[in-house]
Amino acid sequence: MVGDVGRRGTVNYDLEKTGKNVEIRAHWSPMSGQIELLVSQNWQQLDPNIPYGVVTNVGLTQVDHGQSLPVNAYPTFTLRDGDAQTLMDQLWKCGVRPSEGKGSAGQIAAVEKHLADMQKLAFGYFEREKERS
């Protein structure tokens, strides 16, 4: 097993070593008025008795001005492209939008389709008017 038993009998796996099937779920909580994130990982391939692990707390280490980062300072976690896209999609569902940019490809495609429909209507109208005169 890649993990060890931690406080309160929880099993701690090193995400750096297991690194697969990490999921980050985003959910808008109307009660708190905040977006809640849940980081979990499918552990069934490591231990069939433990279907999922979830991140339960994150700690901070003080770094004073002018002090370099501790040698053991790693990224809090890393995401693969597909996982990052899933997180972005879930944040979008929560109402989060990019602060810069011209909109998503889906929005642009919808506008282009709408313009094409309007052109068909307009040109059809002018053609019918031309035939009447």
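972 is the number of the first residue of the sequence shown in our numbering; add one for each residue after it. Glycine included, every Cβ here is placed at the ideal spot set by N, Cα and C.
### Task
Report, in whole angstroms, the separation of the C-beta atoms of I1021 and V1010, which I expect to be a contact under 8 Å.
Between V1010 and I1021 the Cβ distance is about 16 Å, and since that is not below 8 Å, they are no contact.
### Query
In three-state terms, what does DSSP make of R979?
For R979, the pLDDT reaches just 38, beneath the cut-off of 50, and the residue's location in the model is therefore unreliable, although a value from the coordinates is still provided. Helix at R979.
### Those runs of the beta strand (DSSP E) which lie wholly inside the stretch 1020-1097 and span at least 3 residues
Runs of the beta strand (DSSP E) inside the stretch 1020-1097: 1023-1025.
#### Entry: Rounded straight-line distance, which links the Cα of Q1015 to that of N983
Because N983 sits at a pLDDT of 49, beneath the cut-off of 50, its placement in the model cannot be relied upon, and the point is left open.
### Message
For V1026, tell me which candidate among T1047, I1079 and K1084 has the shortest Cα-Cα distance.
### Response
That would be T1047, whose Cα lies nearest to the Cα of V1026.
### Message
Give me the DSSP bridge partner(s) of Q1012.
### Response
Q1012 pairs with V993 and G1024.
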